[in-house]
Every structure is written in C-alpha cells, then in structure tokens.
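Everything in the sequence shown is counted per our numbering, starting at 53 for the first residue and increasing by one.
For each residue, glycine too, the CB sits at the ideal point set by N, CA and C.
As the structure is a computational prediction, the values presented were derived from the model and not from experiment.
Below: the structure, in structure tokens.
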Amino acid sequence: MVNAGGAFPDASLARMVELEDIVFAWPGQQEACLRIDSFCAATGEHVFVSGPSGSGKSTLLALLAGVLVPARGRVVVNGTTLQALNGAQRDRFRADHIGIIFQQLNLLPYLSVLDNVLLACKFSASRRESSLEQGSTPAAAASILLDRLDLPESLWRRPAAQLSVGQQQRVAAARALLGRPQLVLADEPTSALDAERQAAFMDLLQRECRAVGASLVFVSHDKRFAPCFDRRFSMPADDLSMRK
Ligand SMILES: Nc1ncnc2c1ncn2[C@@H]1O[C@H](COP(=O)(O)OP(=O)(O)O)[C@@H](O)[C@H]1O
Ligand SMILES: [Mg+2]
C-alpha cells in the first residue's frame with residue numbers, strides 16, 4: 053500500500069486534521085504504543101487507515117477525537133490544537149465538530165433508533181443548529197438521514213437493541229452525520245458485516261460524508277476498501293520503516 057497519509061497532498065487544500073511527531077504511551081507503560089511522524093487529512097478528504105490488530109488504529113482515532121492526549125507531539129483538528137484545551141473543552145470540541153462511529157457502535161440499547169441519532173444534537177448546540185440545514189427540526193433531519201441510509205421507517209421507534217448489527221451500523225452512521233460535523237471518524241464499522249453489505253455500507257457512508265462535506269478518517273484492518281479513498285495511511289507497525 054502506498055503510504056500517502058504523511059505528506060500533505062496539496063498546500064492549497066484546507067487542513068482538517070494534522071498530527072505531528074506523536075508519541076503515545078498508555079498510563080503505567082514504559083514503551084510507547086504509538087509513534088507517528090505525521091498524519092493529515094484535508095477538508096472533505098477521505099483517508100483510509102490500515103494496520104493489523106493491535107497496531108494502534110483505535111488509539112489513533114482516540115487521539116484525533118481528543119479522548120486521549122499524547123505525551124509528545126501535536127494534534128490539530130479544524131485549526132484547534134487539542135492539547136491546548138482542558139478535558140471539558142475537548143469534550144465540547146468533540147461534540148461540536150466530530151462524528152464518531154465506534155468499533156462497538158456505542159448505541160444506547162434501550163433508546164429508540166431516532167433518539168440514538170438525536171444524541172448527536174443533545175450535547176452540542178452548534179450540531180443542533182447545523183442539523184436544521186439537514187431538516188426542519190433535528191428529528192426531521194435525523195429521519196432524512198435514516199431514510200438516506202436505507203433504514204426502514206418501521207424501525208425508527210424501536211429500541212436500538214432490537215436491530216441487527218447491520219441496521220445498528222446505519223444508526224451509528226446517521227448519528228455521526230447529524231448536524232454536519234466537519235470530521236467523521238469511523239473505527240472498523242464494517243467488520244461485523246458480510247462482504248456485500250460491507251461494500252454497500254462503505255458507499256453509503258462515503259456518499260453521506262460528501263453530502264455533509266465532512267472529512268472522513270476510516271480505520272480498518274481490511275485493505276480491500278483502500279482504493280475507494282482519496283488517500284491511504286498504513287499504521288507504523290504495518291511499515292517498520294516508519295518507526296523511529
Ligand atoms: N485501555 C488500554 N490500556 C492499555 N493498553 C491498551 C488499551 N487499549 C489498547 N491498548 C493497547 O494499545 C495497543 C493498540 O491498541 P488499539 O489502538 O486498540 O489497536 P487496533 O485498533 O489497531 O487493534 C495494543 O497493544 C493494545 O493492547
Ligand atoms: Mg481497534
């Protein structure tokens with residue numbers, strides 16, 4: 053795989069994500085679990101991140117989301133240096149600017165499908181306001197997204213726990229896209245689907261990210277989808293020459 057994630061492609065493109073000289077170690081561990089010289093994504097760009105299990109893909113997304121903070125290096129998202137914010141400010145920044153599709157989806161099982169999607173607006177006034185560009189109310193915007201993601205209306209009021217994994221994946225995608233976040237982070241969201249459904253979900257996710265103008269950082273150990281992306285980045289463990 054061409055490791056094109058490091059160098060920025062075109063100086064004229066606005067930068068959505070810049071990560072520089074990162075060293076991250078888990079608390080209590082001597083060895084760094086992640087070292088990345090540089091990683092970036094332009095506004096609206098779709099970047100594919102691959103690497104074997106344990107290579108730090110989820111850790112990288114947690115750094116981009118400001119859930120984790122590196123011991124060394126800089127993480128800049130949409131012009132904001134995340135280390136310059138305290139924990140509460142990073143939580144707010146994340147709620148306002150970033151849509152996340154977690155590996156385990158993280159839907160609230162007892163909440164309805166619609167209410168799960170609306171959670172994106174619950175913690176962010178700016179996401180709520182931006183959702184009004186997608187529909188007349190946040191609930192209407194959520195409905196439009198669920199419809200575009202091919203989730204039948206008969207399911208929208210059911211508890212999320214009653215849906216299949218593939219259906220839950222589309223709910224998680226709708227939640228990530230509601231309120232037009234500038235950045236969408238997706239952590240192996242297709243891993244529980246069969247090959248045909250994986251391709252369909254990838255298409256839907258990329259189409260909807262383009263519709264809201266979001267940059268997409270999509271993480272997977274499966275390189276089959278790499279060609280569908282604007283750029284590709286291999287985790288350092290996947291390419292030992294990247295290690296310092
Ligand atoms: N909460 C944690 N505490 C300590 N080590 C962790 C934690 N989460 C992940 N790790 C370790 O960090 C490394 C990278 O994990 P991860 O980012 O989940 O990799 P990937 O997503 O590529 O499978 C692994 O060695 C894993 O064991
Ligand atoms: Mg992972």
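Out of the options, which has the shortest C-alpha to C-alpha gap to residue i?
i, options, result
"A278", "S90, A77, S102", "S102"
"A244", "C280, L201, Q219, E72", "Q219"
"D246", "S216, R259, L201, Q82", "S216"
"L203", "R124, F253, T132, N138", "F253"
"E185", "A66, C280, D89, A263", "A263"
"P161", "D89, Q214, S110, N138", "Q214"
"A66", "V128, R124, E83", "V128"
"L201", "S188, E181, R259, I153", "R259"
"H273", "L257, S105, P233, Q82", "S105"
Please classify residue i: does DSSP put it in a helix, a strand, or coil?
i, result
"F281", "coil"
"P204", "coil"
"F198", "The identity of residue 198 in the sequence shown is Leu, whereas the question assumes Phe. L198: helix per DSSP, three-state reduction."
"M68", "strand"
"D246", "coil"
"V165", "helix"
"G118", "coil"
"A56", "At A56 the pLDDT is 45, less than 50, meaning the model places this residue with poor confidence; the figure from the coordinates comes in the next sentence. In this structure, A56 counts as coil in the three-state DSSP scheme."
"C261", "helix"
"A77", "coil"
"L292", "A caution first: L292 carries a pLDDT of 45, below 50, which makes its placement in the model too unreliable to give a value."
"A94", "strand"
"T132", "strand"
"P233", "coil"
"E181", "helix"
"Q141", "helix"
"L112", "helix"
"Q219", "helix"
"L170", "helix"
"F253", "helix"
Whose C-beta lies closer than 8 Å to the C-beta of residue i among residues of the same chain, with five residues either side of it excluded?
i, result
"L292", "Low local confidence applies: a pLDDT of 45 at L292 is under 50, so the model's placement there is unreliable, and no value is given."
"W208", "S164, V165, L166, S195, L198"
"C85", "F76, A77, W78, G108, T111"
"F145", "G118, V129, T132, L134, L137"
Once you ignore the five residues that flank residue i on each side, which residues in its own chain have a CB closer than 7 Å to its CB?
i, result
"P122", "I74, V75, F76, L115"
"R295", "With a pLDDT of only 41 at R295, under 50, the local geometry of the prediction cannot be trusted, and the value read off the model is given with reservation. Only R87, P288 meet the Cβ criterion."
"M53", "Note on M53: pLDDT 38, under 50, position unreliable in the model; the coordinate value appears next. Result list for M53: S102, K275, A278, R284, S286, in chain order."
"A93", "M68, V69, V99, S267, V269"
"L159", "N168, A212, Q220, V223, A224"
Rounded to the nearest angstrom, how far is the Cβ of residue i from that of residue j, given a contact under 8 Å?
i, j, result
"V169", "V223", "6 Å"
"A228", "G118", "Actually they do not touch by this definition, with Cβ atoms about 16 Å apart."
"S90", "L71", "7 Å"
"A238", "V271", "7 Å"
"Q155", "E240", "5 Å"
Which residues in the same chain have their Cβ closer than 6 Å to the Cβ of residue i, if we skip the five residues on either side of it in sequence?
i, result
"R179", "A172, C173, G231"
"R249", "G218"
"D143", "none"
"S183", "C173, P190, A193, L230, G231"
"G265", "G96"
"T242", "Q250, F253"
Using DSSP bridges, identify the partner residues of residue i.
i, result
"S286", "S102"
"A238", "I153, F270"
"R126", "E72"
"R87", "V75"
"P211", "S164"
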